[in-house]
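See structure below.
Number of protein chains: 2
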Amino acid sequence: MDPHLLRTFVTVAGTRSFSAAAQELGYTQSAVSQQIAALESDLGATLLHRRPVALTDAGARLLEHAGPILLRLSAARADVVRLSGEPAATVVLGATPFAGSTRVAAVLASVQRAMPRVRFTLLLTGRDAVAAGVATGTLDVGLVDGVTAPSDPLPLPDAGQLATSVLVENTAVVAFPAGHPFAGRRSLGLADLADATWIDAPDVATPLPQLRALAHSGGFRDGFCYPGTDTAGLLALVAAGAGLALLPGPVTHPGVVGVAVTLPRLVHRVELVHGSLTPPARVLAEAFRP
Amino acid sequence: MDPHLLRTFVTVAGTRSFSAAAQELGYTQSAVSQQIAALESDLGATLLHRRPVALTDAGARLLEHAGPILLRLSAARADVVRLSGEPAATVVLGATPFAGSTRVAAVLASVQRAMPRVRFTLLLTGRDAVAAGVATGTLDVGLVDGVTAPSDPLPLPDAGQLATSVLVENTAVVAFPAGHPFAGRRSLGLADLADATWIDAPDVATPLPQLRALAHSGGFRDGFCYPGTDTAGLLALVAAGAGLALLPGPVTHPGVVGVAVTLPRLVHRVELVHGSLTPPARVLAEAFRP
DNA sequence: TCCACGACATCAGTATTGCTTATCTCGGTA
DNA sequence: TACCGAGATAAGCAATACTGATGTCGTGGA
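Order-wise, the sequence lines are chains A and B.
In terms of the working numbering, the first sequence opens at residue 3 and continues consecutively.
In terms of the working numbering, the second sequence opens at residue 3 and continues consecutively.
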């Protein structure tokens with residue numbers, strides 16, 4: 003199971019086309035066809051239905067493994083390369099939107115002042131992209147925020163070998179439009195809201211599948227998908243009544259009211275995540291710790 | 003980073019010899035030398051010192067990644083092959099020694115009676131071997147036991163995609179030789195025993211590194227290494243005063259007394275672990291659930 | 001119903017890769 | 001200093017994995 007074959011398999015599955023995958027990867031269509039055939043004969047199973055291209059059960063199963071494997075492979079490469087490269091004069095900090103708040107800016111500014119020769123960059127993206135970036139070395143340090151049970155770590159994509167430490171914990175709140183029947187409450191249980199409409203904003207708010215897991219129940223249907231990473235945009239949607247969202251408190255946005263979740267006990271947390279640190283990246287990471 | 007190269011790298015690191023690794027893998031020494039050279043030039047780093055062969059820092063880092071990657075790779079293969087293979091007429095159950103207790107035998111016997119055409123096998127080994135076996139398809143179903151905090155799952159090697167479910171929880175006890183000053187107590191805290199001598203029996207009792215993590219402290223020096231998987235043998239060592247061990251209660255062995263651990267709160271737990279199940283394996287798995 | 005077109009499969013040819021055998025080089029040791 | 005063991009290097013050859021051309025199948029339009 004050559005990683006090359008795995009990569010073209012993932013691409014074909016993603017584009018649902020051999021030709022498109024070939025173009026994307028810089029191969030001929032013929033090569034892609036042969037690679038998939040090789041994979042299938044190696045595993046002794048049909049991975050894709052043809053015309054139209056669709057995953058078989060076996061293919062779907064393989065796809066679940068392929069992503070993490072490829073991620074880890076490049077994490078390994080990045081990890082080794084980082085060790086042997088010359089000390090970088092640049093540090094890239096990746097953060098999820100709510101994690102990249104005022105304190106981040108203050109810390110970055112002070113560290114920048116302490117090390118004027120180093121070039122710092124702040125990149126705001128989704129949770130998974132931060133974790134993957136840290137694993138593959140695109141990012142030196144990551145800040146990820148999310149909602150979980152007090153004793154659990156934040157769920158991150160499996161890239162292995164990532165050190166995490168808790169930076170901030172505060173209350174998790176559900177964001178309601180002002181005037182919503184629940185908006186006046188002081189606290190609430192998640193299960194009461196299983197029938198409500200939620201905004202599916204996996205990169206800013208709590209992803210819906212995780213929400214269901216936290217509440218130990220189904221429901222939580224999504225009325226609106228928000229793939230962006232802008233917090234104000236999400237809150238505007240909430241204010242407009244497009245749906246609810248589980249967020250870090252306190253919420254300060256006109257027309258939006260945050261109500262703390264008390265059942266189950268939940269916290270919003272910001273975690274610092276990194277692999278092996280270059281010296282300037284280490285300074286930055288230390289600066290974040292209390 | 004071809005998995006083949008990774009595999010020979012792991013073998014070379016393990017044997018600390020190019021020639022021995024070549025023999026073990028069925029290559030010539032020349033091939034191994036070229037493979038390592040290819041890996042090093044690909045990553046742009048020296049992975050091994052030569053004469054004598056030893057890991058560089060970069061090599062050590064790569065080695066940490068290589069194991070999990072190779073494991074996941076074969077887990078992926080096994081997972082796909084299992085889906086497309088014909089229904090097997092054989093089920094292999096792997097279990098750690100304390101997990102494979104009386105109830106296991108009873109369940110196996112009754113399932114065997116229900117499906118006389120199917121050939122069942124019970125294999126007792128270490129924790130990691132059970133998890134790896136289930137991931138790679140050598141085992142259909144695994145039973146793993148161990149000690150953790152009540153809210154945490156048992157720590158298993160990262161093979162991804164393994165479903166686990168809790169079967170039994172009971173108290174965790176420290177096994178003392180009769181006459182030990184602590185042997186008369188009704189309960190105790192782990193930290194009190196950080197200075198005691200422990201038996202390092204990673205496949206039967208709680209591994210020492212995990213013990214340190216549970217107690218949030220150092221210490222726990224090992225007086226004796228017990229790599230076997232026989233429970234009676236371990237208890238005999240405890241009775242002889244070779245050291246202590248953290249085990250599932252209750253302990254019934256002449257000369258050994260078990261005292262429950264109450265600080266931190268710990269439980270001994272047996273977990274069922276499996277990948278995708280063949281029909282007869284599913285029946286077996288269901289039979290274990292309460 | 002038939003044809004044309006789009007999309008994947010197959011085939012032949014070739015460049016590359018990755019092995020083996022043979023030989024060389026280096027470091028430790030008597 | 002000479003030898004021996006162990007890894008590096010070189011040349012040759014077989015297997016692999018591309019490209020380009022052609023074949024086959026399903027679909028949509030006339």
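Where a beta carbon is used, it is the ideal one built from N, C-alpha and C, also for glycine.
Here the structure is a predicted model, which is why all the values come from computation and not from measurement.
Apart from the five residues just before and just after residue i, which ones in its own chain have a Cβ nearer than 6 Å to its Cβ?
i	result
L318(A)	Because chain A is modelled from 3 through 292, residue 318(A) falls outside the range shown and cannot be assessed.
G144(A)	G96, V132, V136 and V275
G139(A)	A80 and R84
A241(A)	P179, G257 and V258
L166(B)	First, the amino acid is wrong: residue 166(B) is Thr here, not Leu. Closer than 6 Å at the Cβ level, and outside the excluded window around T166(B), lie E273 and V275.
L237(A)	H255 and V258
I'd like to know whether the C-beta atoms of residue i and residue j end up nearer to each other than 9 Å.
i	j	result
T127(A)	L216(A)	no
G243(A)	P179(A)	yes
G61(A)	A111(A)	no
F184(B)	L190(B)	yes
D59(B)	L279(A)	no
A289(B)	V55(B)	no
V175(B)	V263(B)	yes
V146(B)	V272(B)	yes
V253(B)	G260(B)	yes
P250(A)	F100(A)	yes
L239(A)	F222(A)	no
A78(A)	L57(B)	no
Could you check if residue i is buried or exposed, using at least 16 other CB atoms within 10 Å of its CB as the buried criterion?
i	result
R74(A)	buried
D44(A)	exposed
A47(B)	buried
D205(B)	buried
L265(B)	exposed
A203(B)	buried
P282(A)	buried
E42(A)	buried
A107(A)	exposed
H51(A)	exposed
H218(A)	exposed
T30(A)	exposed
T123(B)	exposed
Return no unless some Cβ of chain A is closer than 9 Å to the Cβ of residue i.
i	result
A60(B)	yes
G16(B)	no
E66(B)	yes
R74(B)	yes
T48(B)	yes
D160(B)	yes
R63(B)	yes
A238(B)	no
R79(B)	yes
L141(B)	no
P282(B)	no
S86(B)	yes
P5(B)	yes
V34(B)	no
P211(B)	no
P70(B)	yes
For residue i, I'd like the list of residues in its chain whose CB is within less than 8 Å of its CB, leaving aside the five on either flank, ordered along the chain.
i	result
L164(A)	A133, V136, A137, L158, V275, H276 and G277
P70(A)	P159, D160 and A161
T98(B)	L126, T127, G128, R129, V132, L145, V146, D147, G148, D205, V206 and T231
M117(B)	P282 and V285
R187(A)	V261
Would a check of beta-carbon distances place residue i closer than 9 Å to chain B?
i	result
A39(A)	no
S278(A)	yes
Q163(A)	yes
L45(A)	yes
V132(A)	no
V82(A)	yes
Apart from the five residues on each side of it in sequence, which residues of its chain come closer than 7 Å, Cβ to Cβ, to residue i?
i	result
T208(B)	G148, V149 and L248
A23(A)	T10, T13, V14, T17 and V34
A40(A)	L7
A91(B)	R119, V120 and R121
Q: Identify each residue in the region 117-130 of chain A for which the Cβ-Cβ distance to at least one residue of chain B is less than 8 Å, and report them in chain order.
A: none
Q: May I ask you to list, following chain order, the residues of the region 168-194 of chain A that have a beta carbon less than 7 Å from some beta carbon of chain B?
A: none
**Q.** Contact residues within the region 146-158 of chain B, judged by C-beta distance below 9 Å to chain A
**A.** A151, S153 and D154
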